[in-house]
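If you're matching them up, the sequences are chains E and D in order. End of the first sequence = 630 in the numbering used here, gap-free, step of one. End of the second sequence = 630 in the numbering used here, gap-free, step of one. By construction, the Cβ of each residue, glycine as well, lies at the ideal position given by its N, Cα and C atoms. Here the structure is a predicted model, which is why all the values come from computation and not from measurement. For reference, the structure is listed below as structure tokens.
Protein chains: 2
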Amino acid sequence: MKVVIIGGVATGPKVAARLRRLSPEADITVIDKGSIVSYGSCGLPLFLGNLVPKIEDLRKTSAGLVRDTQYFDGTKGIKVLTQTEALAIDRAKKKVKVRSLEKGEVWELDYDYLVLATGTKEVKPPIPGLEAQNVFTVRHLDAAAQIRDLIREKKVKHATIIGAGLIGIEVADALNSPRLKVMLCESQPRVLAKLLDPDIALLVEDKMLKRGVDLRLNCRVQKLEKDEEGKVCGVVINDEKIATDLVIVAVGGQPEVALAREAGLTIGETGAIQVNQRMQTDDPFIYAGGDCVEQINTVTGHKTFVPLASTANKQGRVIADNIAGIPSEFPAISATTAFQAFDLNVGRTGLGEAQAKELGFEVLTSISTGLDAAHFYPVHGAVTLKLIAEKATGRLLGAQVCGIGEAIKRLDVLATVLKFKGTIKDIQGLDLSYAPPFATAIDVLIHAANTWENKQKGVVETITPFELMEMLNRKENITLVDVREPEETKANPVQGANTVVIPLGELRKRYEEIPQDSHVITVCELGIRGYDAACFLQSKFPRVGFLEGGMSTWGALGYKLGK
Amino acid sequence: MKVVIIGGVATGPKVAARLRRLSPEADITVIDKGSIVSYGSCGLPLFLGNLVPKIEDLRKTSAGLVRDTQYFDGTKGIKVLTQTEALAIDRAKKKVKVRSLEKGEVWELDYDYLVLATGTKEVKPPIPGLEAQNVFTVRHLDAAAQIRDLIREKKVKHATIIGAGLIGIEVADALNSPRLKVMLCESQPRVLAKLLDPDIALLVEDKMLKRGVDLRLNCRVQKLEKDEEGKVCGVVINDEKIATDLVIVAVGGQPEVALAREAGLTIGETGAIQVNQRMQTDDPFIYAGGDCVEQINTVTGHKTFVPLASTANKQGRVIADNIAGIPSEFPAISATTAFQAFDLNVGRTGLGEAQAKELGFEVLTSISTGLDAAHFYPVHGAVTLKLIAEKATGRLLGAQVCGIGEAIKRLDVLATVLKFKGTIKDIQGLDLSYAPPFATAIDVLIHAANTWENKQKGVVETITPFELMEMLNRKENITLVDVREPEETKANPVQGANTVVIPLGELRKRYEEIPQDSHVITVCELGIRGYDAACFLQSKFPRVGFLEGGMSTWGALGYKLGK
Numbered sequence: 068m069k070v071v072i073i074g075g076v077a078t079g080p081k082v083a084a085r086l087r088r089l090s091p092e093a094d095i096t097v098i099d100k101g102s103i104v105s106y107g108s109c110g111l112p113l114f115l116g117n118l119v120p121k122i123e124d125l126r127k128t129s130a131g132l133v134r135d136t137q138y139f140d141g142t143k144g145i146k147v148l149t150q151t152e153a154l155a156i157d158r159a160k161k162k163v164k165v166r167s168l169e170k171g172e173v174w175e176l177d178y179d180y181l182v183l184a185t186g187t188k189e190v191k192p193p194i195p196g197l198e199a200q201n202v203f204t205v206r207h208l209d210a211a212a213q214i215r216d217l218i219r220e221k222k223v224k225h226a227t228i229i230g231a232g233l234i235g236i237e238v239a240d241a242l243n244s245p246r247l248k249v250m251l252c253e254s255q256p257r258v259l260a261k262l263l264d265p266d267i268a269l270l271v272e273d274k275m276l277k278r279g280v281d282l283r284l285n286c287r288v289q290k291l292e293k294d295e296e297g298k299v300c301g302v303v304i305n306d307e308k309i310a311t312d313l314v315i316v317a318v319g320g321q322p323e324v325a326l327a328r329e330a331g332l333t334i335g336e337t338g339a340i341q342v343n344q345r346m347q348t349d350d351p352f353i354y355a356g357g358d359c360v361e362q363i364n365t366v367t368g369h370k371t372f373v374p375l376a377s378t379a380n381k382q383g384r385v386i387a388d389n390i391a392g393i394p395s396e397f398p399a400i401s402a403t404t405a406f407q408a409f410d411l412n413v414g415r416t417g418l419g420e421a422q423a424k425e426l427g428f429e430v431l432t433s434i435s436t437g438l439d440a441a442h443f444y445p446v447h448g449a450v451t452l453k454l455i456a457e458k459a460t461g462r463l464l465g466a467q468v469c470g471i472g473e474a475i476k477r478l479d480v481l482a483t484v485l486k487f488k489g490t491i492k493d494i495q496g497l498d499l500s501y502a503p504p505f506a507t508a509i510d511v512l513i514h515a516a517n518t519w520e521n522k523q524k525g526v527v528e529t530i531t532p533f534e535l536m537e538m539l540n541r542k543e544n545i546t547l548v549d550v551r552e553p554e555e556t557k558a559n560p561v562q563g564a565n566t567v568v569i570p571l572g573e574l575r576k577r578y579e580e581i582p583q584d585s586h587v588i589t590v591c592e593l594g595i596r597g598y599d600a601a602c603f604l605q606s607k608f609p610r611v612g613f614l615e616g617g618m619s620t621w622g623a624l625g626y627k628l629g630k
Numbered sequence: 068m069k070v071v072i073i074g075g076v077a078t079g080p081k082v083a084a085r086l087r088r089l090s091p092e093a094d095i096t097v098i099d100k101g102s103i104v105s106y107g108s109c110g111l112p113l114f115l116g117n118l119v120p121k122i123e124d125l126r127k128t129s130a131g132l133v134r135d136t137q138y139f140d141g142t143k144g145i146k147v148l149t150q151t152e153a154l155a156i157d158r159a160k161k162k163v164k165v166r167s168l169e170k171g172e173v174w175e176l177d178y179d180y181l182v183l184a185t186g187t188k189e190v191k192p193p194i195p196g197l198e199a200q201n202v203f204t205v206r207h208l209d210a211a212a213q214i215r216d217l218i219r220e221k222k223v224k225h226a227t228i229i230g231a232g233l234i235g236i237e238v239a240d241a242l243n244s245p246r247l248k249v250m251l252c253e254s255q256p257r258v259l260a261k262l263l264d265p266d267i268a269l270l271v272e273d274k275m276l277k278r279g280v281d282l283r284l285n286c287r288v289q290k291l292e293k294d295e296e297g298k299v300c301g302v303v304i305n306d307e308k309i310a311t312d313l314v315i316v317a318v319g320g321q322p323e324v325a326l327a328r329e330a331g332l333t334i335g336e337t338g339a340i341q342v343n344q345r346m347q348t349d350d351p352f353i354y355a356g357g358d359c360v361e362q363i364n365t366v367t368g369h370k371t372f373v374p375l376a377s378t379a380n381k382q383g384r385v386i387a388d389n390i391a392g393i394p395s396e397f398p399a400i401s402a403t404t405a406f407q408a409f410d411l412n413v414g415r416t417g418l419g420e421a422q423a424k425e426l427g428f429e430v431l432t433s434i435s436t437g438l439d440a441a442h443f444y445p446v447h448g449a450v451t452l453k454l455i456a457e458k459a460t461g462r463l464l465g466a467q468v469c470g471i472g473e474a475i476k477r478l479d480v481l482a483t484v485l486k487f488k489g490t491i492k493d494i495q496g497l498d499l500s501y502a503p504p505f506a507t508a509i510d511v512l513i514h515a516a517n518t519w520e521n522k523q524k525g526v527v528e529t530i531t532p533f534e535l536m537e538m539l540n541r542k543e544n545i546t547l548v549d550v551r552e553p554e555e556t557k558a559n560p561v562q563g564a565n566t567v568v569i570p571l572g573e574l575r576k577r578y579e580e581i582p583q584d585s586h587v588i589t590v591c592e593l594g595i596r597g598y599d600a601a602c603f604l605q606s607k608f609p610r611v612g613f614l615e616g617g618m619s620t621w622g623a624l625g626y627k628l629g630k
């Protein structure tokens, strides 16, 4: 059995390795245009941030072996042809025409099964000047190595990153330092527009601003300028020229489908290759997987395109199984995505709030903040969770998390709940592990579900940070009641409205200090005491609510308002 | 509405706080025998290990307020009577007779609803000499404070802990230091016998032994001896006297059900109070929750008794809701339990292997080890997972985890899968988050499920560490093939059998060095390369398997064998 795999990163090597284990006699050839295969491109921002010492480390196995052609040959029994481009597929004859990029020779490879793992292709935004020196993308190892060399040689004092998606933000974190000013340009009005709802994105923006990143939202990059040596020296945004020494374009990629399209295979409405659940294209002898194919969203059942390394690897296994005769299907995805930047753990799964509403769901969301571990445990941090669920049934539709605390554990649990089409009630009843290093006795995730249920049942009115901002903009008659302890209030005062400060412990005695005729909104640090206070006050005042997430979410908005 | 709550830790305060929010007019009284309420007893080992600076820290809220009677009165509007004992319940008149332990006076409290949150009572093992000074349990703050004072005053050079359950091991970790020898005595042949299967318990034992804990299994503690001042000075185990300065009894507790039993309420077969899903006893006006009630196991549907702080808090919320008129049920539990000791993160959920077999399930288990984060990420650690599932259907029955890496995140996902009665196939298809700081591209949990499936499908023979030990004991004709890199082999050689060392990369050329007539078992560090090697070798040799978990699990057994 001859198997040809086009693409040597993630899916391709995974297909090859699994198939080799299942089928010792198969003749397996992997071809790739690049000179390097099977590297951890997800680690490039870590390399830029000096968390990965050498670029070669991203090519090594956990046992320290470099995954080069020799490794694949000796250790795995897999032939890898680098710098080899696939030109065309002859489906009738089951041949792939290939060309050596080194020597120029062209020949044909026979296949019984062909696997397309062609990944994504770079998208260059239409900005004049991109051809200047010191303008990079961070898709390949050599570009990353060049960027780090420039920084180490102290040739970069100002770096411009175009695109505030996941990679743009990871790179901004990696480069940002007292010696290197980072400007991050984003055409959308917020960061991570594809990934996060505005209220959660705001928490990331807040942290970036506090760390000194020059964040330019609603920003049109008009052109790059270069000096007489051909090096980039400036960027023109919104008609303003800003001097810069390095530009990194991080606008993402598009599925690389040219070969598939030319071979007459169906390209889906998402622009990626259409496959069935067995990862077969229209041609049963041609499989496709990884960043060049579309997936199915587990919540909606619709086609989607969310290229992720985790998906790519899982699909590789499914493809190998099917080729080896073990029937296997790749299931729907929740589009779970996570990253760490600016000391925040950030992620999402399922649908966003706007997306869910567009799809016709009647949505109720809640935002809550809690600690990832017992507060008496020496290491603990706050985590903000947003739950997006169907109002009437409580069916979970999506979730987003952000915090310096451990958030991704909770995200994975929520991705699991999505798979089983579970509800908020299911989350409340999860028997999650508790010990002081890992959680509070009521896990922050269960606390989030309780918060959502309280809101659904109308235990007390809740106000989101955005709602509060709108109320303030409309100059509504609001009294914010800050129920925190004096030192908390002093350290981080509530901004932007009439505020009465009464610590929760004194509220039962002093509540008459609050004006009777206003809309009373209680505020604390994380939202829990505010909730407690609002429950008490609603028997005393005509209209009482509490600020969801407290200062942990309002602080970010307040900071933005203050600018 | 008058509500009396008996018990001031975990469930009791939770009922009170939630009920206060739902029902501002309710008259809520909490009584407790002790002088201190609402403290984090789970944090006592952390206090002993100096991770919690002051004992008062375990009584504080996350905002730093001490949860004393004044706090409950002022902040929550809840009356708390400490040092007050409930003597009897008059169900007909709906009254509780109580006595002040300070002043001796006796009076009655009327109730509309009564909540029993009496927790567990100390079980004293029948060992003569327990009355000596410096013999403690670690259930209460004052005992923990006394223990730490003794250690700080350098009065303890040798400590004996009786009972190697969760608390015993946490305390052993807290006390163990170069200056303080800890002897841990356990009557069972292994540690954590109620919690973990022998193969996972072994990993904990291994780490404890390497840290210098004097672990005595199958150990009968016959008596304690005291000096002329009445202080404990020795412990007699298995007819040997060992000098010791401090004894901590950590044999767990039994549900405190005396009051309920005397009031004629049903005590279940587990010995704990029987409640329905609304947490009501036989008497609809008497609720019970926390460590004094039994639960339902989500896998079996049987009654069980697993006292946990997380359960206690959730039940408190359910009780408050029902009293306030919001119908609420507490669901079945997976008995998820986790702890951190000796730098290991350890936990279990669902059924253990033996338990599942006793219940008649045909069980297939797998053990696998992987990294919790990308190997190129600077902080990463190994995690061993054991999956216990029904052989034919793949339905997950239980799981156990252990490792220096992040294991508890995976445990929570598995607890979630259990709730939805999911399968190994479901786990393989979970869309878990991936980014280098959080996981490998194929999460260790999905790797574990893949390993289980490979085993079920018979891709290649697998050998568990215990199976290998038995084969060696029977002196079977085995060749262990160590396929690691030379430096790995040198650092931690395979012990206990005929071993051939051939790194995986050379195996395809050198496999003929392996004796043809023996049972070939491949070994690597975590199990992944051994699996790869076995897949290759099975086309060349009559009988080939690989060691599950590699040296990460065999090392512990080898260490034990070597003693």
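Residue(s) in a DSSP beta bridge with residue i
i: D94/E; result: K69/E
i: C469/D; result: V413/D and T451/D
i: E296/D; result: For E296/D, which the question treats as bridged, DSSP gives no partner whatsoever.
i: T187/E; result: P322/E
Beta-carbon separation (whole angstroms), residue i vs residue j, contact threshold 8 Å
i: N380/E; j: D312/E; result: That pair is no contact at about 37 Å.
i: C591/D; j: G617/D; result: 5 Å
i: V271/E; j: L259/E; result: 6 Å
i: F372/E; j: V385/E; result: Actually they do not touch by this definition, with Cβ atoms about 18 Å apart.
i: L454/D; j: L463/D; result: 7 Å
i: D281/E; j: L251/E; result: 7 Å
Only counting runs of 3 or more residues, tell me where the beta strand (DSSP E) segments fall wholly within the segment 478-553 of chain E, in order along the chain.
528-530 and 545-549
Report the residues of the segment 431-460 of chain E with a CB closer than 7 Å to any CB of chain D, ordered along the chain.
L438, A441, H442, F443, Y444 and P445
Kindly provide the ranges of any beta strand (DSSP E) runs that are 3 or more residues long and lie completely inside the segment 216-280 of chain E, ordered along the chain.
225-229 and 248-252
Can you pull out the residues from the segment 464-488 of chain D whose beta carbon lies closer than 7 Å to at least one beta carbon of chain E?
I475, K476, L478, D479, V480, A482, T483, V484, K486 and F487
To test your reading of the DSSP string, which unbroken beta strand (DSSP E) runs of 3 or more residues are found completely within the segment 85-139 of chain D?
94-98
Flag this pair as touching only if the segment 346-363 of chain D and the segment 458-469 of chain E have three or more C-beta atom pairs under 8 Å; answer yes or no.
no
Does the pairing of the segment 395-410 of chain E with the segment 91-99 of chain E give three or more beta-carbon distances under 8 Å?
no
Under 7 Å, CB to CB, which of the residues in the segment 260-285 of chain E have a partner in chain D?
none
Mind checking the segment 544-578 of chain D against chain E and listing, in chain order, the residues whose C-beta falls within less than 9 Å of any C-beta there?
R551, E552, E554, E555, P570, L571, G572, E573, L574, R575 and K576
Identify each residue in the segment 141-173 of chain E for which the Cβ-Cβ distance to at least one residue of chain D is less than 8 Å, and report them in chain order.
G141, T142, K143 and G144
Determine, using beta-carbon pairs with one atom in the segment 181-190 of chain D and one in the segment 346-353 of chain D, whether at least three such pairs fall under 8 Å.
yes
Could you pull out every unbroken beta strand (DSSP E) segment of at least 3 residues lying fully inside the segment 556-593 of chain D, listed in chain order?
566-568 and 586-590
Indicate whether the contact test is met: 3 or more Cβ pairs, each with one atom in the segment 165-177 of chain E and one in the segment 298-306 of chain E, closer than 8 Å.
no
Proximal residues, the segment 506-532 of chain E versus chain D, C-beta separation under 9 Å
A506, T507, A508, I509, D510, L512, I513, N517, N521, K524, V526 and V527
Taking Cβ-Cβ distances below 8 Å as the criterion, which residues of the segment 401-418 of chain D are in contact with chain E?
S401, A402, T403, T404, A405, F406, Q407, N412, G414 and T416
So, does the segment 335-345 of chain D touch the segment 310-326 of chain D, judging by three or more C-beta pairs under 8 Å?
yes
Taking any Cβ of chain D, which residues in the segment 99-112 of chain E have a Cβ under 7 Å from it, in chain order?
G107, C109 and G110
Contact set between the segment 356-368 of chain D and chain E, restricted to residues whose Cβ is under 8 Å from the partner
T365
Would you list, in sequence order, the uninterrupted beta strand (DSSP E) runs of no fewer than 3 residues that lie entirely inside the segment 142-172 of chain E?
146-148, 151-157 and 162-167
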